[in-house]
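Numbering (the UniProt record's numbering), first residue to last: 1 to 689.
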Amino acid sequence: MKQIFSIARKHWLPLLGFNSAVLAATIYAAFYASTSIPPVWTANAKLNLPQTGGLSANLGPLGSTQTTALNFKDVSPLDVQLAILTSDAVMKRVQAVDPEKSLYSKVSSFSQLFVVTPQPATTLIEVEAQGSRPDIAYKRLFTFLEVYQQRLNELRRKDAEVRVQYTQEELEQARLNLNQAQANLSNFQRSTGLVNSPEQSGGLISAINNLKTTQATLIAQGQANATQAQAAAVSLGITPQQAMNSLRLGENKEYQATRTQLSQLESTMAVTRSKYRDDSPQVQSLLQQRQQLLRQLNQQIAVAIPGANAAQIDTTLGNGPNDSRLELMVELIRNQTLAQGTQQQAKQIQKQIDKLNTELNFITKNQAQLLDLQRKYEIAEGVYKGIIAQSEQSKTNPFNAYPNVQTLNEPTIDPRPSIPNLKLITTGGMLAAIFGSMALIFFLENRNPLLKPKDLQQVELPVLGSIPHLKQPSMERNLAAEIDIEFQRLASSILMLEHPCLMVTSATAGEGKTTVTLGLALALLNFGFRVLVIDGDLRKAEMSRRLGKHRIAIAANANPPTPVSIHPGLDLLPAMSIPKQKIPEFFARGSFERNIKAMRDSGGYDYVLIDSPPVGLASETNLMSAVVCNVLFVLRSGTSDRYPVMNSLEQLTRYNARIMGLVVNGSDSQTAVYRYGYGRQRELLENEA
1 MKQIFSIARK
11 HWLPLLGFNS
21 AVLAATIYAA
31 FYASTSIPPV
41 WTANAKLNLP
51 QTGGLSANLG
61 PLGSTQTTAL
71 NFKDVSPLDV
81 QLAILTSDAV
91 MKRVQAVDPE
101 KSLYSKVSSF
111 SQLFVVTPQP
121 ATTLIEVEAQ
131 GSRPDIAYKR
141 LFTFLEVYQQ
151 RLNELRRKDA
161 EVRVQYTQEE
171 LEQARLNLNQ
181 AQANLSNFQR
191 STGLVNSPEQ
201 SGGLISAINN
211 LKTTQATLIA
221 QGQANATQAQ
231 AAAVSLGITP
241 QQAMNSLRLG
251 ENKEYQATRT
261 QLSQLESTMA
271 VTRSKYRDDS
281 PQVQSLLQQR
291 QQLLRQLNQQ
301 IAVAIPGANA
311 AQIDTTLGNG
321 PNDSRLELMV
331 ELIRNQTLAQ
341 GTQQQAKQIQ
351 KQIDKLNTEL
361 NFITKNQAQL
371 LDLQRKYEIA
381 EGVYKGIIAQ
391 SEQSKTNPFN
401 AYPNVQTLNE
411 PTIDPRPSIP
421 NLKLITTGGM
431 LAAIFGSMAL
441 IFFLENRNPL
451 LKPKDLQQVE
461 LPVLGSIPHL
471 KQPSMERNLA
481 AEIDIEFQRL
491 ASSILMLEHP
501 CLMVTSATAG
511 EGKTTVTLGL
521 ALALLNFGFR
531 VLVIDGDLRK
541 AEMSRRLGKH
551 RIAIAANANP
561 PTPVSIHPGL
571 DLLPAMSIPK
581 QKIPEFFARG
591 SFERNIKAMR
601 DSGGYDYVLI
611 DSPPVGLASE
621 TNLMSAVVCN
631 VLFVLRSGTS
641 DRYPVMNSLE
651 QLTRYNARIM
661 GLVVNGSDSQ
671 TAVYRYGYGR
681 QRELLENEA
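So, in structure tokens, the structure goes:
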């Protein structure tokens, strides 16, 4: 509730303006309604749509149709009558004979005098007409009902004429469609000679299935042969082609004779090398003979197997210990040949299957087209017969489309006229003020919301002090008075500063930074420290004004100003009188920094407190933070806005300012606050709202 009150207090000016406008509009509406809007009389009548039935017609292959009574679950004929009653065609005729037709320039404004209301789940329609006098309202409603009946008769006649004309056109078109469908069916049967033969299609399907079974058997057999050939190739360590080449070479007699000579020469050369050195004539002669035999072997391989690589041939096959591999090679070649043969058979069977599938697709496609032509013929015949039946049916009952409408109650006049309801206007104004104020507060608060405790948690800065609703006049009037314990706690939290120079600032004006600066100075003075307060707000000079001191006029290249004594141990350096356009230059060129250094060096102060301008309202605050380093940030509970506070803290961080912590001004305190006097203790409970 307190937060809502704070938000409302923050936006009191827009709320006051909005509610004043709503109040003025409500008063004007009530005054205008009571003085300018005349009373209105209302005439009432009720109409009834009786249930009707029709004839049934046989549509041949499409079934039959029958017109039944009105079914309010599917479609409401009252909606059709409502459209006729409120149509411009009816309203224009009624307006043409109305005694007050000159008051209404448009049909839309005249139609607002009539209210047509269908009764749910019934066949009743309630009609009302308004007028400035009872006789005008009665005559207006009576004329409206007469014109409505005339319009219904016109629609019935037009509907009958259109039905007859449209039925003739539809009937001729249906006859042409029937003849065309019959001709298409006959031409197709003559051109294709197709007979609907399920046995033929079944025989094709059976043949295809048998071929697929045979194909699957051949594929499985071929895969088995290929597997056996692959196993033999793995055992021999050669491919089927290598086995074929090796087997062919093993059957070459000339190659085998040359290889035998080479083997004998290798044995002789081994014996000779054991007796002689490699450079001896005997060994060299044998080496030459071996080279000649090797060339002869390569020539015989090239002749026996043209284009074959020596690496793809087993040259040891023929005699010797490797002759036992002949059977494995023969088995490998046989299985490989069988696998290739079964694959060729499977491909031939697949061609036969494809051919039979083509024939089956042709038959199926033509049968589907034949069935489609037969269905088109049956549909055309059914449509032709149905149009004939509907044509005969439309002649028997002209009230099917527009039923007969009966007037249950003749027009009656309500003896009490309708007048504006002032209570309703007042209630509407109150609701508009309430909901409009809520919407305005929500809109303004979304644009610039109040600072909340969770926002301070995101900042991750300690709260050094919480000041409950300060009364600022009591402090500067009596500097020797007892200091609140909140300021004493705040002073104790800054005693361990490495640099005893502290700048007190805030985001915007009205946060209480000047009051906090003065209270902190008095608390430090109460601790026995010598304190200098510098009024750094050269634009407003709030500290100097509250302490009753004038600005200090400084000439160019003058010595640093001299502080004035406010209280024993407490001095003040009033704000210097500098033109506003020169204030940023004063801080940027280091004049402010030199003055602070001179004060600290010559004055012997324990602490120097600087009351700076708000960060969001002056550019020099950031320059001051770069000089002072230590910053104490003040914000006011229920007043400070989130975005200015966050932006100000971000600016100070960007200028490398050391923010010591936060001081929450104007917070609610429900705890007992203890104060100490000179030798006596007092306990006070603060209950300020």
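Yeah, the Cβ is synthetic: ideal placement off N, Cα and C, and Gly gets one too.
In this text, all values refer to a predicted model and were calculated from it rather than measured experimentally.
Item                                                                                                                                                                         : Value
Please state whether DSSP places D279 in a helix, a strand or coil.                                                                                                          : coil
Find the nearest neighbour of residue 690 within the set P39, L85, A83, S111, judged by alpha-carbon distance.                                                               : It is not possible to answer for residue 690, since the shown part of the chain is limited to 1 through 689.
Give a yes or no on whether the C-beta atoms belonging to L294 and T258 are separated by under 7 angstroms.                                                                  : no
Taking buried to mean at least 16 other C-beta atoms within 10 Å of its own C-beta, is P584 buried or exposed?                                                               : exposed
By the three-class DSSP mapping on this structure, what secondary structure does F114 have?                                                                                  : strand
Measuring straight from C-alpha to C-alpha, what distance separates R93 and Q81?                                                                                             : 17 angstroms
Pull up the DSSP beta-bridge partners for F633, would you.                                                                                                                   : T505, L662
Kindly indicate the opening and closing residues of the beta strand (DSSP E) around S493.                                                                                    : That residue, S493, is in no beta strand (DSSP E); its alpha helix (DSSP H) goes 485-493.
By the 10 Å Cβ neighbour count, where 16 or more other Cβ atoms means buried, how is D625 classified, buried or exposed?                                                     : Asp is not the amino acid found at residue 625; the sequence shown has Ser there. With 16 or more other Cβ atoms within 10 Å, it is buried.
For N71, which residues in the same chain have their Cβ closer than 6 angstroms to its Cβ, ignoring the five residues on either side in sequence?                            : Summary for N71: the model assigns pLDDT 48, below 50, so the residue's position carries little reliability, and this model does not support an answer.
Tell me whether T337 sits in a helix, a strand or coil according to DSSP, three-state version.                                                                               : helix
Quick one, which of P500, G510, S186 has its alpha-carbon nearest L617's?                                                                                                    : G510
Could you check if V97 is buried or exposed, using at least 16 other CB atoms within 10 Å of its CB as the buried criterion?                                                 : exposed
Are there three or more Cβ pairs, one per stretch, closer than 8 angstroms when the segment 499-507 is compared with the segment 595-611?                                    : yes
Can you tell me which of A89, L85, R375 puts its alpha carbon nearest to the alpha carbon of E128?                                                                           : L85
Please identify the residue among Q292, R489, A30 whose C-alpha is closest to the C-alpha of V663.                                                                           : R489
Give the straight-line distance between the Cα atoms of N526 and I483, rounded to the nearest whole angstrom.                                                                : 8 angstroms
Once you ignore the five residues that flank I387 on each side, which residues in its own chain have a CB closer than 7 angstroms to its CB?                                 : T167, E170, L171, A174
Which term fits R163, buried or exposed, when burial requires 16 or more other beta carbons within 10 angstroms of its beta carbon?                                          : buried
Can you find the residues in the same chain that come closer than 7 angstroms, C-beta to C-beta, to L286, ignoring five residues on each side of it along the sequence?      : L265, T268, M269, T272
Looking only at its chain, what residues have a beta carbon closer than 7 angstroms to the beta carbon of Y384, apart from the 5 residues adjacent to it on each side?       : A174, R175, L178
Considering only the beta carbon of each residue, do L464 and S493 sit closer than 7 angstroms?                                                                              : yes
Assuming W41 contacts D414 (C-beta within less than 8 angstroms), just tell me the rounded distance between them.                                                            : 6 angstroms
Under 7 angstroms between the Cβ atoms of S506 and P614?                                                                                                                     : yes
With which residues is T407 paired in a DSSP beta bridge?                                                                                                                    : L47
The alpha helix (DSSP H) with A523 in it runs from where to where?                                                                                                           : 513-526
Going by C-alpha distance, which of D159, T653, V627 is nearest G391?                                                                                                        : Rather than Gly, the amino acid found at residue 391 in this sequence is Ser. The shortest Cα separation from S391 among D159, T653, V627 belongs to D159.
On the three-state DSSP scale, how would you describe N19?                                                                                                                   : helix
Given 8 angstroms as the limit, is there contact between the segment 532-539 and the segment 643-656, that is, 3 or more CB pairs closer than that?                          : no
Roughly how many angstroms lie between the CA atoms of A672 and D571, to the nearest whole one?                                                                              : The pLDDT assigned to A672 is 34, lower than 50, so where the model puts this residue is not dependable; a value taken from the coordinates is nonetheless given after this. If you take the alpha carbons of A672 and D571, they lie about 33 angstroms apart.
For N357, collect the residues of the same chain with a Cβ closer than 6 angstroms to its Cβ; drop the 5 residues on either side in sequence, then sort them by chain order. : none
Here's a check: name, in chain order, each residue in its chain whose Cβ is nearer than 7 angstroms to the Cβ of S565, leaving out the five neighbours to either side.       : D571
Mapping the DSSP letters down to three states, classify L497 as helix, strand or coil.                                                                                       : coil
Could you give the distance in angstroms between the alpha-carbon of A220 and the alpha-carbon of N210?                                                                      : 16 angstroms
Below 7 angstroms between beta carbons: does that hold for P574 and S544?                                                                                                    : yes
Bridge partners of W41, per DSSP?                                                                                                                                            : G131
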